[in-house]
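Asks: Those protein sequences? They're chains V and H, same order as listed.
The first sequence runs contiguously to residue 240 in the working numbering.
The second sequence runs contiguously to residue 240 in the working numbering.
Number of protein chains: 2
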Amino acid sequence: MENTAFKEQKKFQDIFWKANETRNGICPVRDIIARISDKWSMLTIYALGGYGTLRFNEIKRLIGDVSQRMLTVTLRNLETDGLVERKVFPEVPPRVEYNLTPLGFSLLEQLVQLGGWAEQNSAAIIKNRKAQ
Amino acid sequence: MENTAFKEQKKFQDIFWKANETRNGICPVRDIIARISDKWSMLTIYALGGYGTLRFNEIKRLIGDVSQRMLTVTLRNLETDGLVERKVFPEVPPRVEYNLTPLGFSLLEQLVQLGGWAEQNSAAIIKNRKAQ
DNA sequence: ATTAATAGTTACTTTTGGTAACTCAAAATT
DNA sequence: AATTTTGAGTTACCAAAAGTAACTATTAAT
């Protein structure tokens, strides 16, 4: 009974286990979920991935509906995790440039995949919602 | 100057645009981000993907630290979007079974990829955090 | 007779997210 | 010359979301 479906199931069980197992207090998968699952992190990474180096207000304008406070918080968190690099130029008015680190770019590739799935399947999801 | 790096950049710009563009009031990518980016949706999908059909309390025990209220809310949302199917058996005590729909399984595959990335890169992220 | 199990719901509290106003100094506008 | 704008934030406040604890009904087990 070692068919492919069962092997797939085993693989997913393994992933669930990883998604739930803590090692010295931290679960890697949950930790990443927590990092990217706030409202603005993914969009910020998309913006920096798409346009390269950007200044604070350039990101803000690209995203459109993010507040200064939330963009600040988001960028600080991404910086802390080493996904985004922050360069301050001692000028007036201030000039701060952001860009993705190699780690940030590797996450971007995952998010691009996810974005592709969203594009392909959003019509089905919206249809399901309306059917309720 | 049409090198591969530039092509990649174009591709990411395209993705950012998709991640930000609204069509009749809804942005597909943001919509999906909003759906899966609550704390419990991804873990619930992982659990159902890994173990197949599960009852309410089985999911709760697998995840461990989700409250009844939040698991109920999460499952209802996933059901509304057509990612999870809910079957009620008219028994006492009540019996309700959940499992992923084909749409849910297709999302699971994306989340498994993301989980893999998390596994591979969490050590680097934790190291970056400590370096602050 | 009391306790446990199932799948929730309800009321309440805490945490997180969002809004608006404010900062500073220089450059541009009136 | 005086006001406004720009840039990158910060601070105080308020709304929304998430978490906690207690409660529901019915049956089977202790």
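Just so you know, even glycine gets a beta-carbon here, dropped at the ideal spot from N, CA and C.
Mind pulling the chain H residues with CB within less than 9 Å of V/Pro202?
Replies: By Cβ distance, chain H contributes nothing, its closest Cβ being about 21 Å from V/Pro202, past 9 Å.
Asks: With 8 Å set as the bound, which would you pick, yes or no: does the beta-carbon of V/Gln196 sit closer than that to a beta-carbon of chain H?
Replies: The identity of residue 196 of chain V in the sequence shown is Val, whereas the question assumes Gln. Chain H contact via Cβ: absent.
Asks: In chain order, what residues of the same chain lie with their CB nearer than 6 Å to the CB of V/Phe164, ignoring the 5 residues before and after it?
Replies: Here the set comprises Val204.
Asks: Does the CB of H/Met109 have a neighbour CB from chain V at under 8 Å?
Replies: Bear in mind that a pLDDT of 40 at H/Met109, under 50, signals an unreliable position, so the number given afterwards is only what the model happens to contain. By this cut-off, H/Met109 is not an interface position.
Asks: In whole angstroms, give me the CA-to-CA distance for V/Leu219 and H/Val200.
Replies: Going by the C-alpha atoms only, they are around 44 Å apart.
Asks: Say whether chain V places a C-beta atom closer than 8 Å to the C-beta of H/Thr161.
Replies: no
Asks: Does the Cβ-Cβ distance between H/Ser214 and V/Asn236 come in under 8 Å?
Replies: no
Asks: Have a look at H/Leu162 and V/Lys118 and give me their C-alpha separation to the nearest angstrom.
Replies: 16 Å
Asks: H/Arg184 touches chain V at which residues, Cβ-Cβ below 9 Å?
Replies: What H/Arg184 touches in chain V: nothing, since even the nearest Cβ is about 10 Å away.
Asks: Does any CB atom of chain V fall closer than 8 Å to the CB of H/Glu193?
Replies: So, not an interface residue.
Asks: What distance in whole Å lies between the Cβ atoms of V/Leu183 and V/Arg169, which are believed to be in contact at a cut-off of 8 Å?
Replies: 14 Å between Cβ atoms; not a contact.
Asks: Starting from V/Arg237, trace the alpha helix (DSSP H) both ways and give me its first and last residue.
Replies: Pro210 to Lys238
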